[in-house]
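Engineer:
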Amino acid sequence: MHLARFPRRVYTPHATPIEKLTHLSAHLGGPDLYIKRDDLTGLTGGGNKTRKLEFLVADALAQGADTLITVGAVQSNHCRLTLAAAVKEGLKCRLVLEQRVPGSYREDASGNNFLFQLLGVESVTVVDGGSDLNAAMQAIQDDLAREGRKGYIIPGGGSNALGALGYVACAEELLAQTYAQGLPLDHIVCASGSAGTHAGLLVGLHGNNAQIPLTGINVRRVRDVQEGNVHALAQQTADLLGLGAVPRGAVTALDEWVGEGYSIPTPGMVEAVQLLARLDGILLDPVYTGKAMAGLIDLVRRGHFGRGQKVLFVHTGGAPALYAYEDVLRA
Ligand SMILES: Cc1ncc(COP(=O)(O)O)c(C=O)c1O
Numbered sequence: 056m057h058l059a060r061f062p063r064r065v066y067t068p069h070a071t072p073i074e075k076l077t078h079l080s081a082h083l084g085g086p087d088l089y090i091k092r093d094d095l096t097g098l099t100g101g102g103n104k105t106r107k108l109e110f111l112v113a114d115a116l117a118q119g120a121d122t123l124i125t126v127g128a129v130q131s132n133h134c135r136l137t138l139a140a141a142v143k144e145g146l147k148c149r150l151v152l153e154q155r156v157p158g159s160y161r162e163d164a165s166g167n168n169f170l171f172q173l174l175g176v177e178s179v180t181v182v183d184g185g186s187d188l189n190a191a192m193q194a195i196q197d198d199l200a201r202e203g204r205k206g207y208i209i210p211g212g213g214s215n216a217l218g219a220l221g222y223v224a225c226a227e228e229l230l231a232q233t234y235a236q237g238l239p240l241d242h243i244v245c246a247s248g249s250a251g252t253h254a255g256l257l258v259g260l261h262g263n264n265a266q267i268p269l270t271g272i273n274v275r276r277v278r279d280v281q282e283g284n285v286h287a288l289a290q291q292t293a294d295l296l297g298l299g300a301v302p303r304g305a306v307t308a309l310d311e312w313v314g315e316g317y318s319i320p321t322p323g324m325v326e327a328v329q330l331l332a333r334l335d336g337i338l339l340d341p342v343y344t345g346k347a348m349a350g351l352i353d354l355v356r357r358g359h360f361g362r363g364q365k366v367l368f369v370h371t372g373g374a375p376a377l378y379a380y381e382d383v384l385r386a
């Protein structure tokens, strides 16, 4: 796929490594588990949003924007990375934070919230869960326009077709790595939230006719709704690239490990975060990769994958949020 025709800022000037999870694989006694270290992308603290922002910020700059506006949850990794990209580009950044769990915003909270302040966010607007987030961002853009400034709105999670190109690029990168390393993958697993990562990977794999099944693990929504969201965004991304139809049957977004709701800890998440840290020295996060890894571990224990199969987990980052969940994870 000819991705170089899309304007792009380069925030990760190298491929992220694929590593074998030697000890976790032995501990579980099932397939050989590998991890794509997208927690090691560029910008402050790394993570999946860095790849999406390469395309989105290039578009913002092309449009002459001086301020990035975006939205996320109170511990949003996406907001941290959007702000970090703004700092790097000499832009300002204004954030809308949605209290998806009522009362969850605390001005003095650690984790990503602390980094919003440290990185010099221009303003934070806190809204209740279920608010009209587009309207909140539009109001900020209108305020800026009245001051003669130009705001560029990035949707939640950077998840539109342009942002999803970052994960089309990731699929191409990992296919090249598996070829170079002689690693014939049988399956890929990733967290599925605002859907850009899942949709982009799907389009990149499908567009290359890779024939590697991809399973998303939901962190928020029920399966049907999420699969519909992923499929719609995958098709928009494929259209942007001039590819044909994306088969609906290629979209799987399992929902058994969400627990009580988005960002609410589960015993499986705590176990997954602790296992990865203690067995392979890798930090997951409590909201996305912890729950997605809990899903992968459970699938392995249920015998979903054959012994000796090669399964890759895409580590989408998020470790700064660990510092807002110390009480749960110390136990
Ligand atoms: C660490 C981490 N992993 C995974 C996701 C989910 O990715 P997406 O929103 O592209 O579905 C997010 C989204 O915020 C995230 O912060």
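Quick note on numbering: the sequence shown equals residues 56 to 386 in my numbering.
C-beta: ideal position from N, C-alpha, C; glycine also.
(1) Could you confirm whether any beta carbon from chain B is found closer than 7 angstroms to the beta carbon of Gly206?
(2) Tell me whether the beta-carbon of Arg149 lies closer than 7 angstroms to the beta-carbon of Ser178.
(3) Residues with a Cβ closer than 6 angstroms to any heavy atom of ligand 1, in chain order?
(4) Are at least three pairs of beta-carbons, each pair with one atom in the segment 153 to 167 and one in the segment 239 to 247, less than 8 angstroms apart?
(5) Please list the terminal residues of the continuous alpha helix (DSSP H) segment that includes Tyr222.
(6) With hydrogens ignored, establish whether the beta-carbon of Gly262 is closer than 6 angstroms to any heavy atom of ligand 2.
(7) Quick one, which of Asp183, Arg64 and His242 has its alpha-carbon nearest His359's?
(8) Do Ala226 and Leu58 have their beta-carbon atoms positioned less than 7 angstroms apart in this structure?
(9) Between the alpha carbons of Leu260 and Ala141, how many angstroms are there, rounded?
(10) So Tyr89 and Glu74 are in contact, right, with Cβ under 8 angstroms, and what is the actual spacing, rounded?
(11) Should Gly101 and Gly314 be called a contact, given that it needs their Cβ atoms to be closer than 7 angstroms?
(12) To which residues of the same chain is Leu230 closer than 7 angstroms at the C-beta, ignoring the five residues directly before and after it?
(13) Measuring straight from C-alpha to C-alpha, what distance separates Leu123 and Cys134?
(14) At which residue ranges does the segment 106 to 150 contain complete alpha helix (DSSP H) runs of 4 or more residues, listed in the order of the chain?
(15) Just to confirm, is the Cβ distance from Gly251 to Ser214 under 7 angstroms?
(16) Could you name each continuous alpha helix (DSSP H) segment of 4 residues or more that falls completely within the segment 294 to 378, going from the start of the chain to the end?
(17) Below 7 angstroms between beta carbons: does that hold for Leu205 and Ala120?
(18) Could you compute how far the alpha carbon of Ala200 sits from the alpha carbon of Pro62?
Structural biologist: In brief:
(1) In the displayed structure, chain B is absent; only one protein chain is listed.
(2) yes
(3) Gly102, Asn103, Asn132, His133, Gly212, Ser214, Ala246, Ser247, Gly248, Ser249, Ala250, Gly251, Thr252, His253, Asp340, Tyr343, Thr344, Thr371, Gly372 and Gly373
(4) no
(5) Ala216 to Gln236
(6) Of the ligands one can find in the structure shown, namely ligand 1, none is ligand 2.
(7) His242
(8) no
(9) 30 angstroms
(10) 7 angstroms
(11) no
(12) Asn263 and Ala265
(13) 10 angstroms
(14) 132 to 144
(15) yes
(16) 322 to 335 and 344 to 356
(17) Note that residue 205 is Lys in the sequence shown, not Leu. Yes, Cβ-Cβ distance for Lys205 and Ala120 is below 7 angstroms.
(18) 25 angstroms
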